[in-house]
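*Asks:* I am attaching a structure below and will ask some questions about it afterwards.
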Amino acid sequence: MDRLKLIKLSAVFLLLVICPSNVRAITLEESIKRGLSVSYSVKEQEELTKKAKFTYLSTIDPYLPRFDLESSYSRVFSPVKSLDTVNFDFQRDTYRFGGVISYRIFDGGERYARRRGAYFTYEKSIEESKRVRQDVAFNIKKHFYEALGKKEILQLKKESLNIAQRIFDLTKARYEVGVARKSDVLQAKFRMESLAIEYENAQMEYRKALLALKSILLAKEEEILEVEGTLEKPAIKFQKEELLKRALSSRPELLAQEKELKKLEMVHKERKAVWYPKIDADVQHSRHDSTFFPQRRSDQFFLSLNLPIFDGVGRYYTLKSVEKEIASAYANLLEKRRLAELETLETLYDYEMSVKNVELHEKLVQEAAASFEQSLGEYRVGKSDILSVLNSEKDLTHAKEKYIISLVQANIALSLLEKVAYLKEY
């Protein structure tokens with residue numbers, strides 16, 4: 043009955059994982075590409091970036107001349123006539139038509155500051171898009187490595203189950219010829235059944251990991267994905283000084299804060315511009331007559347200067363408010379740089395520790411494999427008991443599982459280091 047259960051579990055697994063008509067194997071690069079193309083967070087930030095771009099483009103208007111057309115009609119129902127005037131020239135219907143071309147010659151730098159401020163806001167939004175893409179790419183890599191680790195653990199449990207099956211068959215054969223005890227057979231069977239349960243649990247854990255990956259890739263429920271790849275010990279070619287330099291010079295959060303600081307400096311110039319005079323030039327053409335197409339014509343040119351002398355104290359305190367906001371933004375930039383440096387160093391240390399753990403667990407696997415082969419060989423010739431074989435097999439399985447987990451953690455640590463030091467751009 044137990045053998046039949048194992049065969050059914052294996053058949054279900056093969057149906058779900060190996061069937062080529064329903065399963066699509068996906069690599070890490072394909073996962074990142076697909077995830078970035080469908081991510082709601084990325085699309086949201088892209089729309090915000092487009093909005094900032096259009097806002098920046100709209101600030102060209104103050105540099106362009108303005109042209110206005112106006113037309114009006116008026117009718118007087120009760121004119122007031124002069125009693126001492128014999129000839130009274132009265133027009134009951136009046137038509138007006140005119141046009142004005144206006145251009146601001148000087149505004150104290152207000153137009154320039156407003157346009158540059160909008161440009162820095164647009165650049166800040168671009169850096170925010172890079173940050174969002176980095177976050178999404180890291181989450182994809184994290185879920186992919188976890189799924190890949192669960193897949194290798196599932197394969198490990200399957201191999202361990204096969205080994206336990208062979209040990210059980212060997213013990214049963216030895217029992218039938220009278221060189222093994224009944225308790226040895228029961229212990230070998232118990233280990234085999236325990237691994238069958240672990241194998242089934244590993245299948246569920248792998249499916250859960252795939253479910254999380256499918257969610258971030260927005261895969262449909264009926265789409266069956268299979269992660270493809272191998273877990274390897276990661277490595278980087280950058281030294282600590284290079285990592286810090288890249289983090290402080292290229293990290294999107296820091297660049298976005300620098301753009302925010304420049305934008306506030308432009309806001310300060312814009313607020314300061316209200317203290318300067320405004321010089322405007324206007325050319326006006328107007329027609330006024332009692333006919334629908336007016337004939338009386340008037341052409342005028344205006345050159346005006348407007349200098350606010352006193353309109354309260356609001357201008358002064360608004361300027362001081364922006365100055366304090368600039369100081370606050372600069373302090374925020376310094377704090378973000380400090381945190382970025384600290385995060386980079388901590389992540390680097392975590393990565394180096396994870397790589398050391400991989401090396402240590404790799405040695406443990408080698409030692410456990412040698413111990414198991416020795417115990418199994420001695421058991422075959424009757425120099426060892428079943429408990430020694432089962433314990434050494436259990437230690438080997440445990441060591442391999444820890445080794446796989448350490449590889450997953452090391453690759454995730456490297457992915458995080460790539461994110462915080464901005465080693466890759468997506």
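Quick note, the sequence shown lines up with residues 43 to 468 if you use the working numbering.
Backbone N, C-alpha and C define an ideal beta-carbon position, used for all residues, glycine too.
No experiment lies behind these values; they were computed from the predicted model shown.
Use the C-beta contact count for isoleucine 428: other C-beta atoms within 10 angstroms, 16 or more gives buried, fewer gives exposed.
*Replies:* Position 386 of the sequence shown, counted from the start, is the residue given in the question as residue 428. Buried, since its Cβ has 16 or more Cβ neighbours within 10 Å.
*Asks:* How far does the beta strand (DSSP E) with tyrosine 145 in it reach, from first residue to last?
*Replies:* On the sequence shown, residue 145 is found 103 positions in, with the first residue counted as 1. Segment 135-148, the beta strand (DSSP E) holding tyrosine 145.
*Asks:* Taking a contact to mean a Cβ-Cβ separation below 7 Å, would you say threonine 91 touches serine 116 in this structure?
*Replies:* The sequence position of residue 91 within the sequence shown is 49, counting from 1. The sequence position of residue 116 within the sequence shown is 74, counting from 1. No.
*Asks:* Does DSSP put aspartate 427 in a helix, in a strand, or in coil?
*Replies:* Walking along the sequence shown from the start, residue 427 turns up at place 385. The answer is coil: DSSP assigns aspartate 427 none of H, G, I, E or B.
*Asks:* Since I believe lysine 199 is in contact with alanine 244 (beta carbons under 8 Å), could you give me their beta-carbon distance rounded to a whole number of angstroms?
*Replies:* Residue numbering aside, residue 244 sits at position 202 when the sequence shown is read from its first letter. Residue numbering aside, residue 199 sits at position 157 when the sequence shown is read from its first letter. Indeed, because the Cβ distance is near 5 Å, the residues count as touching under 8 Å.
*Asks:* I want to know whether the segment 314-323 touches the segment 344-359 - three or more CB-CB distances under 8 Å.
*Replies:* yes
*Asks:* Looking at the secondary structure, which residues open and close the beta strand (DSSP E) in which lysine 320 lies?
*Replies:* Numbered from its first residue, the sequence shown carries residue 320 at position 278. Residues 320-331.
*Asks:* Would you give the residue range spanned by the beta strand (DSSP E) that serine 346 belongs to?
*Replies:* Locating residue 346 in the sequence shown gives position 304, where the first residue counts as 1. Counting along the chain, the beta strand (DSSP E) containing serine 346 begins and ends at 339-348.
*Asks:* Enumerate in chain order the residues of its own chain whose CB-to-CB distance from alanine 94 is below 7 Å, with the five nearest sequence positions on each side excluded.
*Replies:* Position 52 of the sequence shown, counted from the start, is the residue given in the question as residue 94. The beta carbon of alanine 94 sits closer than 7 Å to the beta carbons of Thr163, Tyr164, Ser167 from its chain, once the five residues preceding and following it are set aside; these are given in chain order.
*Asks:* Is aspartate 149 buried or exposed, if buried means 16 or more other CB atoms sit within 10 Å of its CB?
*Replies:* Here residue 149 corresponds to residue number 107 of the sequence shown, with the count starting at 1. Per the 10 Å Cβ criterion, buried.
*Asks:* Quick check: what's the CA-CA separation for serine 63 versus glutamate 265?
*Replies:* Counted from its first residue, the sequence shown places residue 63 at position 21. Counted from its first residue, the sequence shown places residue 265 at position 223. Residue placement at serine 63 is flagged as unreliable, the pLDDT there being 49, under the threshold of 50; a coordinate-derived value is accordingly withheld.
*Asks:* Can you look up alanine 412 in the DSSP assignment and give me helix, strand or coil?
*Replies:* Along the sequence shown, read from residue 1 onward, the residue named residue 412 stands at position 370. Here alanine 412 sits in helix by DSSP.
*Asks:* Of all the options His330, Trp317, Arg380, Lys366, which has the alpha carbon lying nearest to the alpha carbon of phenylalanine 352?
*Replies:* Here residue 352 refers to the residue found at position 310 of the sequence shown. Of the listed residues, the one whose Cα sits closest to phenylalanine 352 is Trp317.
*Asks:* Could you give the distance in angstroms between the alpha-carbon of arginine 357 and the alpha-carbon of lysine 466?
*Replies:* The residue you call residue 357 lines up with position 315 of the sequence shown. The residue you call residue 466 lines up with position 424 of the sequence shown. Straight-line Cα distance between these residues: approximately 46 Å.
*Asks:* Per DSSP, what are the beta-bridge partners of leucine 267 in this structure?
*Replies:* Within the sequence shown, the letter at position 225 stands for residue 267. According to DSSP, leucine 267 bridges with Arg66.
*Asks:* Note the first and the last residue of the continuous alpha helix (DSSP H) segment covering glutamate 274.
*Replies:* For the purposes of this step, residue 274 is taken as residue 232 along the sequence shown, with counting starting at 1. Where glutamate 274 is concerned, there is no enclosing alpha helix (DSSP H), given that its DSSP letter is neither H nor E.
*Asks:* So, under 8 Å CB-CB, alanine 289 and valine 462 are touching, yes? Tell me the CB distance rounded to an integer number of Å.
*Replies:* As a first step, residue 289 is located in the sequence shown; it is residue number 247 there, counting from the start. As a first step, residue 462 is located in the sequence shown; it is residue number 420 there, counting from the start. Contact holds; Cβ gap of about 6 Å.
*Asks:* Look at arginine 158 and proline 104 and say whether their C-beta atoms are less than 7 Å apart.
*Replies:* Numbered from 1 along the sequence shown, position 116 holds the residue referred to as residue 158. Numbered from 1 along the sequence shown, position 62 holds the residue referred to as residue 104. No, the Cβ-Cβ distance between arginine 158 and proline 104 is not below 7 Å.
*Asks:* What span of residues does the beta strand (DSSP E) with aspartate 103 cover, start to end?
*Replies:* What you label residue 103 is simply residue 61 of the sequence shown in a count that begins at 1. Per DSSP, aspartate 103 belongs to no beta strand (DSSP E) and is neither H nor E.
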